[in-house]
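>
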Amino acid sequence: MKPEVQKLQQIEQQLNAHFIERQHEIHAILLGICAQKNVLLIGAPGVAKSNIVDQFMYVLPTTYGTFKRLISPTTQPEELFGSVRFDRLKEGVMERNIEGQLPTAHVAFLDEVFKATSDLLNSLLKIMNEHRFENGTEELTTPLFTLIGASNEFPEEDRLNALYDRFLIRREVEAIQTPAHFMQMLQGNTEEITLPRLTAEEIQVIHAETKAVHIPQTIIEMLTEIHFKMKDAGIVVSDRRTKQCLSILQAEAYLQGRNEVKQSDFRVLVDCLWIESEDRETVQDLLAPYTKTVIDQLFVQLNRLRMEVDAKHAVLKQAETIQYEEYAQFASAVLMKWQQIEQEMMIESPTEEELQKLNEWKAQLHEKIAEEVM
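1 is the number of the first residue of the sequence shown in the working numbering; add one for each residue after it.
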């Protein structure tokens with residue numbers, strides 16, 4: 001595996017260990033950084049949105065410009081784009097001191113982004129989408145490759161629709177869902193995390209290699225199907241947004257250590273294709289046929305074996321006597337088939353969670369098979 005991918009995976013693992021139930025948000029930001037796309041986090045105060053972003057700001061190269069600002073209805077353009085140069089203003093030119101401000105940042109974080117006023121929107125939209133900024137008589141190319149926005153609520157005003165659309169990846173951040181995880185959070189380590197830092201050269205390699213990930217024709221055809229199925233379901237996703245989804249698929253493949261997009265990568269598009277919050281479940285249902293991994297399919301086969309054993313037991317319970325030789329042959333065939341499927345699964349490099357599930361199912365199967373002969 002490439003060293004840059006290993007470092008990204010290490011960062012992700014350490015952040016997942018520190019932030020409880022935030023793996024999807026962490027992965028979303030990594031996708032945004034690799035694909036050079038904007039990310040939006042929507043959730044109530046106190047769900048660690050800002051804390052997670054702070055950690056990502058830390059791992060960026062020290063030579064890279066970063067920018068953070070809490071937006072309010074009174075935020076003025078100079079707070080984002082720099083103060084006006086009065087010497088140029090006397091000449092009738094509106095030129096700003098942009099050093100250290102948003103136009104010079106590689107990665108930016110705007111908290112409460114939907115509180116931006118009309119005075120901010122035009123320049124903000126141009127920086128986010130075109131990476132351009134008009135400063136006086138010049139139009140500058142900005143180095144920004146990912147802007148992360150956060151908000152406590154969805155935008156309500158129509159004038160914010162264009163800003164909302166500029167965020168390709170959108171995550172609703174929920175409070176911790178389970179008591180066990182909540183207790184884990186309360187008892188967790190509150191010390192700062194020591195994360196590996198990325199160099200400027202590594203970021204350049206990450207961006208270049210993400211763009212170089214191969215997209216097979218079958219993936220293009222599937223994404224086309226999804227696009228029109230979304231329209232049929234009443235969720236109209238722009239042609240531009242669907243095309244940009246290709247870069248997210250490339251980023252997902254890259255983060256998994258592959259140089260080609262696979263069908264299973266479609267699962268990350270759940271965060272890219274919904275418009276309204278209530279659309280999310282529909283999007284998940286539409287993507288489901290495309291997102292089953294090889295491991296998912298193998299688990300389906302394993303579950304069929306479990307059902308076969310259950311069915312056999314139901315028959316044996318009704319029998320007056322047990323034909324042990326016949327049952328031994330049945331059990332041997334089931335275990336052999338299980339072993340074959342398990343070997344296929346190991347080739348696919350299952351996650352720790354999938355391995356735990358596999359081992360639990362195996363223990364249950366062995367216990368069930370032994371039950372009739374004890």
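For every residue, glycine included, the Cβ atom is placed at its ideal position computed from N, Cα and C.
My parser needs the beta strand (DSSP E) runs of 3 or more residues fully inside the region 164-241; what are they?
169-172
> Helix, strand or coil for residue 49, going by three-state DSSP, please let me know.
helix
> Taking the straight line between their C-alpha atoms, what separation do you get for residue 195 and residue 253?
23 Å
> Which residues in the same chain as residue 270 place their Cβ atom closer than 8 Å to its Cβ, once the five residues preceding and following it in sequence are excluded?
If you ignore the 5 residues before and after residue 270, its C-beta comes within less than 8 Å of the C-beta of 280, 283, 284, 287, all in its own chain and listed in chain order.
> Measure the Cβ-Cβ separation of residue 149 and residue 113 and say whether it is below 7 Å.
In contact: residue 149 and residue 113 (Cβ atoms closer than 7 Å).
> Between the alpha carbons of residue 227 and residue 272, how many angstroms are there, rounded?
12 Å
> Between residue 102 and residue 67, is the Cβ-Cβ spacing less than 7 Å?
Going by C-beta atoms, residue 102 is nearer than 7 Å to residue 67.
> Please return the same chain residues whose Cβ sits closer than 6 Å to the Cβ of residue 29, not counting the five positions on each side in sequence.
39, 56
> Between residue 373 and the rest of its own chain, which residues show a CB-CB distance below 6 Å, the 5 nearest in sequence each way excluded?
Note that residue 373 scores 49 on pLDDT, short of 50, meaning its location in the model is unreliable and no value can be drawn from it.
> Name, in chain order, the residues that DSSP records as bridge partners for residue 151.
42
> Here's the rule I'm using: 16 or more other beta-carbon atoms within 10 Å means buried, otherwise exposed. How should residue 204 be labelled?
exposed
> Do residue 77 and residue 200 come within 7 Å of each other at the CB atom, strictly closer than that value?
no
> Let me know the secondary structure DSSP gives residue 303 once reduced to three states.
In this structure, residue 303 counts as helix in the three-state DSSP scheme.
> Counting only C-beta atoms, is residue 262 closer than 7 Å to chain B at any point?
The structure shown contains no chain B; it holds only a single protein chain.
> Kindly identify the DSSP beta-bridge partner or partners of residue 135.
138
> Answer with buried or exposed for residue 151, where buried requires no fewer than 16 other C-beta atoms within 10 angstroms of its C-beta.
buried
> Going by CA-CA distance only, name the one from 34, 3, 11, 46 that's closest to residue 251.
34
> Evaluate contact between the region 14-29 and the region 155-166, counting only Cβ atoms and requiring at least three cross-stretch pairs below 8 Å.
no
> Roughly how many whole angstroms lie between the Cα atoms of residue 425 and residue 363?
Residue 425 lies beyond the residue range present for the chain, which begins at 1 and ends at 374; the question has no answer from this structure.
> Please name the residue, chosen from 359, 334, 347, that lies closest to residue 370 on a Cα-to-Cα basis.
334
> Quick check on DSSP: helix, strand or coil for residue 159?
Collapsing the DSSP output to three states places residue 159 in a helix.
> Given that a residue counts as buried once 16 or more other Cβ atoms are within 10 Å of its Cβ, and exposed if not, what is residue 261?
buried
> In the DSSP assignment, what residue or residues form a beta bridge with residue 109?
68, 148
> Using a Cβ-Cβ cutoff of less than 7 Å, which residues in the same chain neighbour residue 185 once the five nearest sequence positions on both sides are dropped?
20, 176
> Grab me the residues of residue 242's own chain with a C-beta within less than 7 Å of its C-beta, minus the 5 sequence neighbours each way, in chain order.
223, 227
> Nearest by alpha-carbon distance to residue 336: which of 302, 295, 313 is it?
Residue nearest to residue 336 within the set 302, 295, 313 is 302 (criterion: CA-CA distance).
> For residue 198, which residues in the same chain have their Cβ closer than 7 Å to its Cβ, ignoring the five residues on either side in sequence?
Contacts found: 7, 59, 60, 61.
> Under 8 Å by Cβ, that's how I've got residue 1 and residue 257 pegged, so tell me the actual separation to the nearest angstrom.
5 Å
> Are the Cβ atoms of residue 106 and residue 155 separated by less than 7 Å?
no
> Which residue's Cα is closest to the Cα of residue 96: 110, 109, 64, 137?
Residue 96 has its Cα closest to that of 137, out of 110, 109, 64, 137.
> Is residue 360 near the ligand SAH - that is, is its Cβ less than 6 Å away from at least one heavy atom of it?
Of ligands this structure carries none, so the ligand SAH is not represented either.
> Just verifying my parser: in three-state terms, what is the DSSP assignment at residue 260?
strand
> Three-state secondary structure (DSSP) at residue 96?
strand
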